[in-house]
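Those protein sequence lines, which keep their order, are chains A and B.
Using this note's numbering, read the first sequence as starting at 2 and increasing by one per residue.
Using this note's numbering, read the second sequence as starting at -15 and increasing by one per residue.
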Amino acid sequence: MGCSLAASLVDKLKEAKRKLAPDVLFIEASEMVTSQELRNVTAMGKRDVRYETGPLITLINGVEFEFLWNERRRLVSDQVNGADWVIVNRTEALDNGQLARLREMLSGCGDRLLTVQGLDRSAIESIAAAIGL
Amino acid sequence: MRVVCVAGIRGSGKTRLIRGLTEISTDKGRQTAVIVNEDGETPYDDAFIRRHELGAFFIRGG
């Protein structure tokens, strides 16, 4: 994440607090942003306004994961390693072998790993409950 | 204010997840907002924003 983008994100965060002071503020990051960068940026705004941060969620499309793990491992790894929760969706489209490989590749996540079959209402309710929202 | 960040590769379902979590959050009476790092079409239409009284902030680049 470049300096100008980080500064813009901090500015928007502070603007959201000052204008709305919402109970919950979601940040939808662009695909190139890593978990550590998000942590750093969200920490920066705390110099000027008060808010809580967390959780930091990394979402993974289970169907594409194996390809991404092979082709873009550095980025995926940087997003996975710093996350509070790693959520893999579309697991219904994976066979048992693919699911086992995915779990093996993400074994380092331990109990931070959640898998859902899709992002329908019930899956999102289970995610909301897990993250305490 | 609680800040929840969602990261992931394009196509991972970030917008869908945030829309769903927004619905749950607003159903519980919570004021909700989103900051989107826009790199294309805005994923939050006016009807959704109005229905959930969602505060939407957009940044470009990156």
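Built from N, CA and C at the ideal position, the CB exists for glycine as well.
The C-alpha of A/Ser9 is placed about 15 Å away from the C-alpha of A/Arg40.
According to the DSSP secondary-structure assignment, A/Glu16 is paired through a beta bridge with no residue. Residues of the same chain with a CB within less than 8 Å of the CB of A/Ser36, apart from the 5 flanking positions on each side, are Leu57, Thr59, Asp79, Gln80, Val81, Asn82, Gly83, Ala84 in chain order.
At a cut-off of 8 Å, the C-beta of B/Phe41 has a neighbouring C-beta in chain A. As DSSP reads the structure, A/Leu57 sits in a beta bridge with B/Cys(-11). For B/Ile19, the CB contacts under 6 Å within the same chain, skipping 5 residues up- and downstream, are Phe41 in chain order.
Excluding five sequence positions before and after A/Ile61, the CB atoms of its chain that fall closer than 6 Å to its own CB belong to Val89, given in chain order. Residues of the region 16 to 30 of chain A with a C-beta less than 9 Å from any C-beta of chain B: Glu16, Ala17, Lys18, Lys20, Leu21, Ala22, Pro23, Asp24, Val25, Leu26, Phe27, Ile28, Glu29, Ala30, listed in chain order. The region 3 to 13 of chain B and the region 30 to 38 of chain B touch, with three or more beta-carbon pairs separated by less than 8 Å. Closest in alpha carbon position to B/Gly(-5), among A/Glu126, A/Val50, A/Phe66, is A/Phe66. B/Arg3 sits buried, since 16 or more C-beta atoms from the chains shown fall within 10 Å of its C-beta. Every alpha helix (DSSP H) of 4 residues or more that sits fully in the region 92 to 120 of chain A is shown, in chain order, as 97 to 106.
A buried status is given to B/Ala17, since no fewer than 16 other beta-carbon atoms sit within 10 Å of its beta-carbon.
Inclusion of B/Arg14 and A/Tyr52 in the CB contact set at 8 Å is not warranted, their separation being larger than that value. In summary, A/Ser5 is exposed, with fewer than 16 beta-carbon neighbours lying within 10 Å of its beta-carbon over all protein chains present. With a threshold of 8 Å between beta carbons, A/Gln99 makes no contact with chain B.
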